Structure formats: C-alpha cells, structure tokens
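Enquirer: So the sequence lines, in the order shown, correspond to chains A and B. For the first sequence, position 215 (counting from the first letter as 1) is numbered 215 according to the UniProt record's numbering, and the numbering increases by one without interruption. For the second sequence, position 278 (counting from the first letter as 1) is numbered 278 according to the UniProt record's numbering, and the numbering increases by one without interruption. Before we start, here is the structure in question, set down as structure tokens.
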Amino acid sequence: MGGASAKRKKEKKKDFQKPKLKVGKAKPKAANSTDTSFKAKAIALKQQTLSTNAPTVEAQCAHHLGLLNHKSDTQRRDSLAYLTTVMSTHPPDIPLPQPSSVIIPTVQRLILDGSNAVRQQLLKLLQSLPKNDIASNTDQLLLHTRAGMTHLSTEIRTFALDVLEWLLASAGDEVVSCAGGWVKTLKCFMSLLGWKVETSGNWTAPKSFGKSSGDSKIQVKQMNALTSFLRAGLLHSQTAMQVGNGADSFPLWQTEHHMLSERSNVYAHLNLFGAHRDEEAEMYEDREDRQRVFHDRAEAAIVAGLEQATKGGGEQGRAAASLRKVVKEGMIDYRT
Amino acid sequence: MKRKIGALEKLDADLTSLQYKVRRDPASYLEDHQQQYMQYETQRDLLLQNPSTSDDSGIVRLSDLVDFLAHTADCYPKSTSQFPTDLIQIISQHHDELQPDLRDKIVSNIVLLRNKDIIDSSTLLNTLFPILVSTSSKSLRALLFQKIISDLRSSNVKATNHRLNRTIQTVLFNLLTSDRETTKGLWAVKITRELWKRQIWTDAKAVDIMKEACLSENEKVLSGGTRFFLGGDKEREEAAEDDSDSEGEIDMSKMRHQAGITKKSKKKGREMKKAAATIKRKERKKSAPHPLNFSALHLLHDPQGFAETLFTKHVQNTKSKITLESKLLVLQLVSRLVGLHRLTVISLYSYLLKHLTPRQNSVTSFLAILAQATHSLVPPDVLEPLIQKIANEFVSEASASEVAAAGLNAIREVCARQPLAMNDTLLQDLIMYRKSKDKGVQMAARGLLSLYREVGAELLKKRDRGKEATMGLRTGEHAERRYGEEAAGEIEGIDLLEQWKEEERLKKREAAGLPPDVATDEEEEDEADNWKNWDVESDDSDSSAGWINVESDGEDINISDSEDESKPSAAKKARLSSSTPGADATSTKSEEPEIKKLSKLLTTTILTPADLKRLKELQASAAINAHLPSAKRAAFLAARHADEAITAETIEAAAAIGKKNTREEKIAMAKGDRDEKHQSTTARRKEKKESEGKSTTNKEKARKKNFLMTLGKAKGKNKRSLVDVRKTMLGHKERSKRGGKRGNKGN
Chain A
1 MGGASAKRKK EKKKDFQKPK LKVGKAKPKA ANSTDTSFKA KAIALKQQTL
51 STNAPTVEAQ CAHHLGLLNH KSDTQRRDSL AYLTTVMSTH PPDIPLPQPS
101 SVIIPTVQRL ILDGSNAVRQ QLLKLLQSLP KNDIASNTDQ LLLHTRAGMT
151 HLSTEIRTFA LDVLEWLLAS AGDEVVSCAG GWVKTLKCFM SLLGWKVETS
201 GNWTAPKSFG KSSGDSKIQV KQMNALTSFL RAGLLHSQTA MQVGNGADSF
251 PLWQTEHHML SERSNVYAHL NLFGAHRDEE AEMYEDREDR QRVFHDRAEA
301 AIVAGLEQAT KGGGEQGRAA ASLRKVVKEG MIDYRT
Chain B
1 MKRKIGALEK LDADLTSLQY KVRRDPASYL EDHQQQYMQY ETQRDLLLQN
51 PSTSDDSGIV RLSDLVDFLA HTADCYPKST SQFPTDLIQI ISQHHDELQP
101 DLRDKIVSNI VLLRNKDIID SSTLLNTLFP ILVSTSSKSL RALLFQKIIS
151 DLRSSNVKAT NHRLNRTIQT VLFNLLTSDR ETTKGLWAVK ITRELWKRQI
201 WTDAKAVDIM KEACLSENEK VLSGGTRFFL GGDKEREEAA EDDSDSEGEI
251 DMSKMRHQAG ITKKSKKKGR EMKKAAATIK RKERKKSAPH PLNFSALHLL
301 HDPQGFAETL FTKHVQNTKS KITLESKLLV LQLVSRLVGL HRLTVISLYS
351 YLLKHLTPRQ NSVTSFLAIL AQATHSLVPP DVLEPLIQKI ANEFVSEASA
401 SEVAAAGLNA IREVCARQPL AMNDTLLQDL IMYRKSKDKG VQMAARGLLS
451 LYREVGAELL KKRDRGKEAT MGLRTGEHAE RRYGEEAAGE IEGIDLLEQW
501 KEEERLKKRE AAGLPPDVAT DEEEEDEADN WKNWDVESDD SDSSAGWINV
551 ESDGEDINIS DSEDESKPSA AKKARLSSST PGADATSTKS EEPEIKKLSK
601 LLTTTILTPA DLKRLKELQA SAAINAHLPS AKRAAFLAAR HADEAITAET
651 IEAAAAIGKK NTREEKIAMA KGDRDEKHQS TTARRKEKKE SEGKSTTNKE
701 KARKKNFLMT LGKAKGKNKR SLVDVRKTML GHKERSKRGG KRGNKGN
C-alpha cells in the first residue's frame, strides 16, 4: 500500500475536513442541509377563533353543520346530537338559530350514511324540526329517501323506510304529489318487496344478492310503510276537506283560490324551467291521477303479492290485511 | 379527499362482486341489477339537482354505479337502453360543472360502451368532439383527444371504415370552414395530422381539411396546416420506420427455453401461443408490400389555385397580421407547391425581390424559398433581376464571407433549376470568386462553375469550360436547352434492354443454325409463350442470376469492335452511353437514324414484368461501370428528389465549410454519436447477461463470497491428515469425471 494509500488517505481526509469559517462570509451549508423554502400562490392560515365571549348558538349551529362532513362517525353523530338538542329545546315562538331551509339540505345526504348511529341520530334531528318547514323540502328529501330505499345495504334500506314514514307523517300530501314522488316511489316499493307485475317464467325467483328479503320482520316493515304511503296517496286528504267549507264567509266564496298561495313554487307542476319529464317523473297532484297510475302500474302486482303474504299468516298476515284494506278503500271510487 | 367507505358499506355494497356474478349469470341477477339501476337513477337525479356538487360520498357512489352499469350493460340491453343516452346527456350538458373525477369516469365509460358495441362510433365521436372543442379544461381535452384518436384507430383496424372516416372528416372540415377566426380549428388540424401520421387517413379528403386549415385566418391554425404540408409526410415515414423497428421485441427462443424450465401452466401456454401468433403476424406484415401512400402535396386538388390564394391571403394581404415566422412557413409552402407542380405565381418573385437583402431577418430562408420556387417553366426574365440583386447585395468583396457564400450558393440553386436566368457577364464575374481566400466562397463559386459546365458551357470563358464541356460543345452534344423545351420521354435503360434482347435472339438463332436476319414462326410463338407465362422467362433464362458482370472500359470497346459488322446498329447506341467520350467520336455521325430505332422497342412491344425486372438488372450492372466523376455528380443530382425541400441549411452549408471549429466542437465531432463509456469485452458480456436475467455460475458465486465466511473452512483444511486430504482429492477427481456432484446422467 504505497502511493495509492496516500491518495486514498487524502480523499478520506477530505470527507471530514472542517469547513473554515470566515468573518463577513455566510456560513457554508452542510452537505446534508435541505432547502425547505417553497413557493405558493396563496397561503391559508387556519386559525382558531380568538374572541373572548362565547360563540352564539347560531354560530355553533353553523359550526356543527360544517362538521357533518367530518370523516369520523362519532363526530358526525355528536354534531347531529348537538343540533337535535338545540332544535328540540328551542321555544316554538322564536325563529330557529339556523333555518330549516339551511339544515335540511345539509343533513339530508346523511340518510345514506354508512354508520347506523349517525342515521338514528339523523332521524331524531329530523323529527325535532317543525313540521311546517318540511313541506318545502319534500322533493329533495324524497330523492334521498328513494336512494336509501334502493341502496345495496339492507340496513340503509330499512332505515329509509323510517324516514319515509316520518316524511309521510309530516308532509304526506307533498310526498305523493311532488315530481316523481308517486310512481318512482311505488316502483321502489315493488322492487323492495320483490312483487312483480308479470312473472317471466314459472321458475322460483332466486334469493336476491345482498339483501335478506326473506326476513319477515323486514317485510312487515316494508308493507307497513307501503300502507301509509298508499293511504297518503289514495285516500281523501284532510286538507282537501277543509277547502270545501267556505260557505260561512258568505259573500267571499272561494276567496282562497284567488289569493296567493302560501306554498313556495306554486307552479312547479308546469315545469317551466326544468328538463322534460316522462311518465315516471311527472307530478300527480290529483287523487284521480294517482289512482289511474296506480291501477296501471302497481295494483295487479300488489294484489298478487298480498295473496302470498296473507298465506304467511302471523304478523305478516296482519300487515298484509291492513294493506289490502287501504288498497280497497283507496280504489273504491275508481272502479265505480 | 375521498371519504373512506365504512366497513358496513363495503360488506353489502360490493358492486364488484355483484358485477362478477351478473356477468356470469345475467338472468338470475336481473332483479339486483334493476335495483342498482334505480339506485343509479336516484343518484343521477340528485346530481342533476346540483351538478357542481362536491359531495364526495355521493360522487364516489355515483361513479361506482356508472362503472358497474357500463360494465354490465351488455347483459341487459333492454333495461339499460336509456343508459348511454343518459351519460351522453350528462356529459354534454354539464361537462364544465362536474367534478373532474366523475367527468373523466363518465367519458371513459361512454368509451367502454362503444367498445362493447352498445353505441356506435359516430355517436361516440359526435358526443366527444363538441366537448373537445368547447371545454376549457386542459386535462379533459387531453383525455378526449386520446379517446377520439384511439377510437378512430380501432374502428379502422380490420378494414378502413370509410363511412365513419367520411363523417368525421366532414365534421372537421365544417369546423374549419364555419369558424375561421378562432383557434377551435386547431383540433381538426391536430386530429388530422395524428391520423395521417398513423396512416389511418391517407386520402385526398384529409388533405382537403388541411388545405382549409391553411386558409384559416387564425395564425395558430394556419401554421398548423402549413407545418403539416411541409413535414407531415416525413413524420409519417418516420413513424412507420419506428413501428417496424420496435416490433422485434419478443425473443422467441428465450421464451421457448424458459417454457422448458419453468412450471407449466395454462397461462404460460397461452402466452407462448400469443407470442408465436404476434411474431407470425409481424413477419407477414414485414413481407407484405409497402403501402402506396401518396404525399399530401400530391393529393391536393387545384394546387395552382391553392398556392395563389395562400400567397394573396397571407403574404400579400397588408391586413393580415401574422408574424414573420408564420409568413415564412406560408411562403415555404407556396414555393414548395410552385416547385413541385411547376406552377406560375409571378407575383411571388417580385415579392421576394423586396426581401433579398443581407439585413432581412432570416434571409437564408428567403433565398431557399426563391430557389424552391424556381423551375424550368419560370420565365428567365423574371428571375434575372432577382439573381442580379442577390449578386449585388450579397456577393461582393466588401461583404462578409458567409454572406457571399450564401449568395453564391443561392444563385447556384436557382440556376440549377433554371439555367437560362443567367447572363454571361454576371456568370463570369461570379466565377472569379473561386480565387477567394475564404473556403466557403471558394467552394460555392466552384459549385456554380461546375454547374454551368454541364448546363450552359457556352456562357463560360473558353478556358473555364473544361475538357468535357469543350468536347461536348464541339460535337454538339451539349446543346443548350431552350426555354420550355422538354427532354423526350423514354424509359431509362431501354437501350440496354434492347441490346440484350438482340443478343439473346442471335444466340438462339445460332443454336438453331439459322441466318440471323429472317424472322420465323417459331420466334413469334416464343413471344406468345412469354405472354402466357408472365414471368417464367426471368426464372429460366438467366443462368447467372444475382451475378453482375463488371467490365473494364477497354474490354468493352474491343468486343464492340469485333462484332460491329454482324450486329444491327441499335446496339451501338447502347454502348455509346457507357463508353468513354473519346472512343465514340467517330460514330456520332450516324446518331439520327439510331434514335428512331431506339423508340421502336417501346412502340412495338409491351414490356412484361419479366422485361422490367431484366431492365433493372441491366441498369444496375451499367451503373457499376460508371465511375467517372461527372457520372457521380449526375447521380447525386438525380438522387435529390424533386419532392425534397430546400431549406435555409442548404443555402448556409457553403458558408460552414470555411468556418474554423472550436476545440470543443472538434472533440464532439470526433466522438460522434458514441457517448457510451469504454468497457472491456468481459464487462460488456457480463452486463448483457445480467440484463437478460440470467444467473451467475457457481464459480462466480464462489469468487464473490465474503472472505470471512470462507475463513473457517480454510482453517480446517490445514489441519487435515494426509489420508483426509487424499480422500478429498480423490473425491474431487471422481466428481470431475462424473461431471459434478449430481452427475451428468442418472448414474
């Protein structure tokens, strides 16, 4: 190891040489220093609020509404719970901290949420909302409900029925008369129950993928929901009865027909600005229209399905009987 | 950020497994499919309420559903009949608002539906194309462009889909003609160019589209169009070459070897079969005749009108505000057309006259354009002032050597195409520059001189003419060609063929013992036979196929002298062209009757393919005989095809000759393209082996083994008894005999 080693020694030494520091010169950079500077068009600093007084209820509600997008299930549920408490403890005569027209569009997509706890909490929140505000948001809510009813997950499908029941209870008329509300929902029910108008062959229908339709409990629930849906759609509504008795205000008969309606978007049925609607997406505002469509599209299937269900007996049979009763009552004047 | 899907959703909402099951057994899962379809419909309705929504879970779910339905749409054609139109409607109405992920998903699913043949190509392209033109998103445009090209490609794979091509070409054409101001037409240019490059569109209609693009008012579009005409064909050739280069990638022997070693499976077998099929296909493709593709410039309708409109619209028009660069492109195209089709655009030359000063930006391009626009039908008096101006402005003692060289070179290029544009005083003046000190100028002047020795020697002073030209002038061979005069058309080398035929005939007659002059029935029969079996003659008649007889000049003369009396004079002319000019000075007097005889073969017979093949062979052998420098020069000029363009580099080339290179440039030149580092043969072999994925030998492994790991064994070896050592030695010997531990065979 003669000359080569001297050279190697020198090279080795070079690695560990201490850089000389000089006055007035910038300190030499280390070999492993990393340049951490960066360029950005805009820098957003997330900042916590620094105000000393506690946030108002309105602000808190808005905050929790924002948290509904949170990725954690618990956070979403807790935010819903907070909103529920605020709504339910709110005195009825003062306006809500956040209007329903803000709350409903934000929370409605949680109908399809993956977590059961979140969904249950959502139902509680919906129930705590004042009933009058629901009517104007029915079509959106119903869209999400139908999405839930057709969902692959059984639990979400069942939950959607709960939402539908609540919807029917709070704004039954709007549900059955909004665009697509009657026919499309009926179709959903038919596919849920597995009742078909025409059976293509005499083979037994295979058990469906991803759902346990054989579970009689669920079927009972489905039939009950269908019962209340048909009741809302096919029977005479109470509000319709009220219209008739304008006799007491003698000279001003039927004034209410000439007044501006209290509902929003009164001329929705004219569909002035939306896309073209086919038969399914059409609005069916009259009871007679609904009866006709029901007769064309679903009645035969329901009657056939009911026969099967009645044979099952027990709770299923009872639900089937009540459903049959509603169908009969609803269609009684159609036939005559 | 995508929201994570919860465990519950995953368990049930597993669309992939449903898709798998649906594809296996569509009938059983009809109901589930319909349910998913309804789910899709509700999700779609939700989306349409607010297309720009950024609700992650909804979008993810919808795009999953769209994916699922597109993949299974072919199983349920009836229930999903509305699905394609749905997607098309969504994408065409809301492509600007949709989230990029969902948008791309929808586009690719529409393409998937096309691939499954649920919608047809024209629907697809009619959907994608308007979006491509109108969208502001760059990534979407890139995606759409790629999809459009690939769809057009795939629908033209088996056979040319004329109908589709025609509709799309019409769409592109209309796009260009309807809107000449905006850059929208650029897409038409891009698509056409890409398809031209891939040889999918090779017809006149595609060229028409580009022609329209050239006439656009938008600068981008117009330069795209002109670039296509100037470089599209070259690009196509290069792409074709690349294709054939990149094909030999499968190493069949390696695959076969590996198949022998590795585990045999169905998949491996399939792969082998596939590879064999591709190789076979490629070989067939290689042996297939080269597709006859016309260049775009040749497919143009009405080149005269096109050149005129291009020139008046973009160059002469004072209102057009295109940059000099684009203007040069247009001028290049115009001059290319003029040169190639021999058009007459007189105003072009007066326009160029204005710009031929050394101070003009990129003047060499202008010079090249002038040279390109010159052909033998341009009136000499139009060109004369141009040449005079170049000579005045560029070629003088005062101007820099590069400038003078460029000027001389340009003059030479112009005069090579129209020799009549030169007068004797100017020429003699210019030729004096061959005494210049600068090498570039010297070479350029020499080039001009040698050009005129061939095309117009009488313009030169007597002492400059050189031997060949002087003799040519005296014999009248170098007659000046007049304006508009064309050479009589003939097939090159037809004299050779005729001579050969004559010889063959004589041979046959000698063999039959007949007098050489009288025609017989037998011969006519022979001719008829030739027609019957089209190219048999080329097979059996030529015993020395593939061999070329190279004859020295002297021998050639000797043979011709000895047989001169017995042969008809037609053979003489044939010899004329190949023998030296000194030798045939005597026979020039009888030239006139010979020319008439020459054309006899062409007017009396129709050449069979076999004849043409023979002609080619004769030509090749004759070419080898021609070693004279003048022949070489002529061959070089002939090799430069009229289709090839003259660029500024051609003009500048002379100036570069005299330039001294710097040291770095010299080193770079010496190195050439070899930029790889030096390696020993062993190292190269080793690298090759490693790259092929072969393993190392046991010897190599032993050599590479860590020293410390071998220590223990080595220590033990020293302590062995003599008996042990003997045992190991014997064992080693035995093993080497057997051929290793495991032995060569089963013994």
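Virtual Cβ for every residue (Gly too), placed ideally from N, Cα, C. The structure displayed is predicted, hence computed values, not measured ones.
#1: If the criterion is Cβ atoms closer than 8 Å, does the pair asparagine 165(B) and tryptophan 201(B) meet it?
#2: Might you give, ordered along the chain, the residues of its own chain that have their beta carbon closer than 8 Å to the beta carbon of tyrosine 20(B), omitting 5 neighbours on each side?
#3: Is it true that the CB of alanine 368(B) sits closer than 8 Å to the CB of isoleucine 651(B)?
#4: Does tryptophan 195(A) come out as helix, strand or coil in the three-state DSSP assignment?
#5: Buried or exposed for alanine 319(A), going by 16 or more other Cβ atoms inside 10 Å?
#6: Contact defined as beta carbons within less than 8 Å: I believe leucine 141(A) pairs with threonine 84(A). What is the distance between those atoms, to the nearest angstrom?
#7: Please give the ranges of any alpha helix (DSSP H) in the region 401-451 of chain B, keeping only runs that are unbroken, at least 4 residues long and fully inside the region.
#8: If you scan the region 266-351 of chain B from start to end, which runs of the alpha helix (DSSP H) of 4 or more residues do you find wholly inside it?
#9: Just verifying my parser: in three-state terms, what is the DSSP assignment at serine 223(B)?
#10: Can you list, in chain order, the residues of its chain with a C-beta nearer than 7 Å to that of residue 748(B)? Leave out the 5 residues immediately preceding and following it.
#11: Flag this pair as yes or no: are the beta carbons of isoleucine 59(B) and leucine 102(B) separated by less than 8 Å?
#12: Would you call glutamine 93(B) buried or exposed, if buried means 16 or more other Cβ atoms sit within 10 Å of its Cβ?
#13: Could you work out which residue in Tyr82(A), Trp195(A), Asp289(A) and Leu270(A) is closest to glycine 308(A) when comparing CA atoms only?
#14: Classify glutamine 258(B) as helix, strand or coil using the three-state DSSP reduction.
#15: Should alanine 444(B) and alanine 405(B) be called a contact, given that it needs their Cβ atoms to be closer than 8 Å?
#16: Pull up the distance between the alpha-carbon of threonine 262(B) and that of serine 695(B), whole angstroms please.
#17: At least one CB of chain A closer than 8 Å to the CB of threonine 135(B): is that the case?
#18: Would you tell me roughly how many angstroms separate the C-alpha atoms of serine 621(B) and leucine 607(B), rounded to the nearest one?
#19: Should residue 345(A) be labelled buried (16 or more other beta-carbon atoms within 10 Å of its own) or exposed?
#20: Can you list, in chain order, the residues of the region 46-80 of chain A whose Cβ is nearer than 9 Å to any Cβ on chain B?
#21: Anything in chain B within Cβ reach of leucine 143(A), meaning under 8 Å, just list it in chain order.
#22: Given that glycine 58(B) touches chain A, what residues does it touch there, using C-beta distances under 7 Å?
#23: Are at least three pairs of beta-carbons, each pair with one atom in the region 68-84 of chain B and one in the region 126-141 of chain A, less than 8 Å apart?
#24: Helix, strand or coil for aspartate 561(B)? Go by DSSP, reduced to three states.
#25: Say whether chain B places a C-beta atom closer than 8 Å to the C-beta of lysine 9(A).
#26: Nearest-angstrom Cα distance between isoleucine 491(B) and alanine 159(B)?
#27: Do you know how far the Cα of glycine 114(A) is from the Cα of glycine 233(A)?
#28: Could you tell me the distance, in whole angstroms, from the CA atom of serine 88(A) to the CA atom of alanine 142(B)?
#29: Let me know the secondary structure DSSP gives glutamate 235(B) once reduced to three states.
#30: From which residue to which residue does the alpha helix (DSSP H) around glutamate 174(A) run?
#31: Buried or exposed, going by whether 16 or more other CB atoms sit within 10 Å of the CB of glutamate 537(B)?
#32: Please determine, among Leu132(B), Thr135(B), Gln146(B) and Ser154(B), the residue with the shortest C-alpha to C-alpha distance to leucine 121(B).
#33: Along the region 98-116 of chain B, where does the CB come closer than 8 Å to a CB of chain A? Name the residues.
#34: If you drop the 5 nearest sequence neighbours on each side, which residues of the same chain put their C-beta closer than 7 Å to that of glutamate 194(B)?
#35: Three-state secondary structure (DSSP) at histidine 151(A)?
#36: Taking alanine 147(A) as the reference, which of Gln316(A), Ser101(A), Lys311(A) and Gly180(A) has the closest Cα?
Expert: On the basis of the supplied data:
#1: yes
#2: none
#3: yes
#4: coil
#5: buried
#6: Not a contact, Cβ separation roughly 17 Å.
#7: 401-417 and 424-431
#8: 266-287, 303-310 and 324-341
#9: helix
#10: What the structure shows of chain B is the stretch from 1 to 747, and residue 748(B) is not part of that stretch, so it cannot be assessed.
#11: yes
#12: exposed
#13: Sequence inspection shows glutamine at residue 308(A); the glycine mentioned does not correspond to that position. With distances taken between Cα atoms, glutamine 308(A) lies closest to Trp195(A).
#14: helix
#15: yes
#16: 15 Å
#17: no
#18: 20 Å
#19: The displayed coordinates of chain A run from 1 to 336. Any statement about residue 345(A) would go beyond what the structure contains.
#20: Asn69, Lys71 and Asp73
#21: Thr42, Asp45, Leu46 and Gln49
#22: Arg109
#23: no
#24: Model confidence at aspartate 561(B) stands at a pLDDT of 40, short of 50, so the residue's coordinates are unreliable; what they give is reported in the following sentence. In this structure, aspartate 561(B) counts as helix in the three-state DSSP scheme.
#25: no
#26: 37 Å
#27: 31 Å
#28: 53 Å
#29: helix
#30: 154-177
#31: Only weak support is given to the placement of glutamate 537(B): the predicted model assigns it a pLDDT of 44, under 50, and the question is left unresolved by the model.
#32: Residue 121(B) is actually serine in this sequence, not leucine. Cα-wise, what sits closest to serine 121(B) is Ser154(B).
#33: none
#34: Ile149
#35: coil
#36: Gly180(A)
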